[in-house]
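Residue numbers (the working numbering): 116 to 440. Structure, as structure tokens:
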């Protein structure tokens with residue numbers, strides 16, 4: 116099988132490429148290297164089944180050429196990271212909407228099955244209205260903040276990606292699978308764009324203060340990148356996933372305070388925790404959610420998906436990785 120992976124030099128993309136190559140597939144990646152790194156794809160350079168194209172998904176001619184030559188597409192390219200989103204709102208909206216429309220258009224033109232990577236951000240503040248310990252279901256309503264609050268530009272752009280994808284499925288009969296990723300983490304992830312685990316681990320190894328935004332009681336669910344990659348590959352192989360929106364995540368929760376304490380414990384660091392107001396960290400125009408927990412019953416029923424690695428082992432792997440670089 117010949118695969119095109121957009122954003123293949125990124126964190127998740129590089130793990131996906133590694134998995135596809137190990138299965139004997141031919142893989143072409145396209146990446147503008149805005150958030151991807153050459154180190155992520157360096158191990159694949161000598162593989163005859165691997166090829167790298169430096170380019171952007173906004174380039175229509177390039178996308179037409181690459182999509183026409185593959186069998187299936189994994190579309191992972193997007194603006195990522197809260198910090199990057201807050202600092203680059205125009206780039207965020209253009210890349211996430213126009214770029215995805217380009218991919219969908221040419222996949223429909225050449226009848227190529229495509230997986231669209233969406234995000235748990237599309238739920239917005241919906242977790243605030245969930246009762247009990249229930250996770251967010253794919254059928255739940257989204258709840259976004261006001262348009263002058265910049266944080267919601269990313270969520271809205273990814274929600275539009277989902278609308279576009281489903282429109283292409285319904286109107287153009289495009290075989291498309293939409294996955295909503297929840298806090299995917301592991302080795303190779305960078306803290307440059309606001310990713311919390313690599314930031315904490317890096318700071319702890321240096322003995323620096325760990326910056327916790329807000330009161331630190333916000334709860335998150337972290338999923339090992341290897342579990343996510345296995346899940347999306349399996350979903351791409353089944354007919355029942357076409358035209359569906361599917362959560363991929365881990366239903367176990369931890370607070371950011373607990374995460375910081377765990378990192379300090381595992382690294383045996385003398386670092387302290389410092390709580391920083393959101394306005395100081397991101398400026399005016401930011402909101403955060405108190406919880407973000409997925410209901411993963413749909414993907415479990417479809418492919419038997421269950422997370423295999425918990426937060427403690429994930430942190431241990433990230434620590435080992437960061438000590439090695």
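No residue lacks a Cβ here, since even glycine has one placed at the ideal position from N, Cα and C.
Residues near residue i by beta carbon distance below 6 Å, same chain, minus five either side
i: residue 371; result: 327, 331 and 333
i: residue 168; result: 145
i: residue 215; result: 276
i: residue 423; result: 342
i: residue 420; result: 346 and 414
i: residue 335; result: 298 and 407
i: residue 339; result: 301, 424 and 429
i: residue 90; result: With the chain running from 116 to 440 in the structure shown, residue 90 is simply not present.
i: residue 177; result: 170
i: residue 239; result: 257, 258, 259 and 270
i: residue 314; result: 306
Closest residue to residue i among the options (Cα-Cα distance)
i: residue 425; options: 347, 301, 351 and 178; result: 301
i: residue 417; options: 361, 137 and 434; result: 361
i: residue 207; options: 225, 173 and 364; result: 173
i: residue 125; options: 164, 146, 200 and 165; result: 146
i: residue 379; options: 202, 427 and 336; result: 427
i: residue 253; options: 431, 409, 439 and 423; result: 409
i: residue 439; options: 320, 422, 419 and 367; result: 320
i: residue 405; options: 236, 306, 262 and 128; result: 236
i: residue 187; options: 225, 386 and 373; result: 225
i: residue 337; options: 329, 414, 261 and 312; result: 312
i: residue 139; options: 204, 164 and 223; result: 164
i: residue 395; options: 166, 363 and 201; result: 201
i: residue 249; options: 150, 367 and 339; result: 367
i: residue 365; options: 136, 299 and 203; result: 299
i: residue 307; options: 403, 407, 151 and 374; result: 151
i: residue 166; options: 209, 195, 204 and 136; result: 136
i: residue 403; options: 261, 153, 373 and 339; result: 261
i: residue 209; options: 176, 271, 153 and 280; result: 271
i: residue 269; options: 363, 205, 175 and 170; result: 205
i: residue 412; options: 363, 373, 375 and 374; result: 363
i: residue 149; options: 177, 203, 281 and 133; result: 203
i: residue 213; options: 239, 238 and 280; result: 280
i: residue 175; options: 375, 219, 153 and 133; result: 219
Integer-rounded CB distance, given that residue j should sit under 8 Å from residue i
i: residue 358; j: residue 284; result: 4 Å
i: residue 229; j: residue 291; result: 5 Å
i: residue 232; j: residue 256; result: With 8 Å as the limit, residue 232 and residue 256 do not qualify as a contact, their Cβ atoms being about 22 Å apart.
i: residue 325; j: residue 388; result: 5 Å
i: residue 89; j: residue 267; result: This structure cannot speak to residue 89, because the chain is shown only from 116 to 440.
i: residue 211; j: residue 193; result: 5 Å
i: residue 287; j: residue 386; result: Rounded, the Cβ-Cβ distance is 52 Å, inconsistent with contact.
i: residue 393; j: residue 329; result: 6 Å
Contacting residues, own chain, Cβ-Cβ under 7 Å from residue i (five flanking each side not counted)
i: residue 234; result: 273, 295 and 296
i: residue 179; result: 221
i: residue 446; result: Nothing can be reported for residue 446, as the shown portion of the chain is limited to 116 through 440.
i: residue 356; result: 292, 350 and 417
i: residue 223; result: 283, 287 and 289
i: residue 134; result: 344 and 348
Beta-carbon proximity list for residue i, same chain, < 8 Å, skipping 5 on both sides
i: residue 131; result: 120, 123, 189, 191, 344, 347 and 348
i: residue 353; result: 417 and 418
i: residue 185; result: 117, 118, 119, 143 and 227
i: residue 431; result: 381
i: residue 155; result: 124, 125, 126, 128, 129 and 303
i: residue 377; result: 369, 426, 427 and 430
i: residue 375; result: 315, 325, 327, 331 and 388
Residue i at chain D interface by Cβ criterion, 8 Å
i: residue 251; result: Of the protein chains in this structure there is only one, and it is not chain D.
Point to revise | Cβ contact (3+ pairs, closer than 8 Å) linking the stretch 181-188 and the stretch 149-163 | key: no
Review point. What are the uninterrupted segments assigned as beta strand (DSSP E) that are 3 or more residues long and contained completely in the stretch 354-412, given in chain order?
Key: 360-363 and 388-391
Exercise for review: Enumerate, from N- to C-terminal direction, the unbroken beta strand (DSSP E) stretches of 3 or more residues contained entirely within the stretch 169-237.
Suggested key: 187-190 and 228-234
Point to revise | Every unbroken beta strand (DSSP E) inside the stretch 235-323 [3 residues or more] | key: 291-296
Check your understanding: What residue ranges within the stretch 121-147 form continuous alpha helix (DSSP H) runs of no fewer than 4 residues, ordered along the chain?
Key -> 126-137
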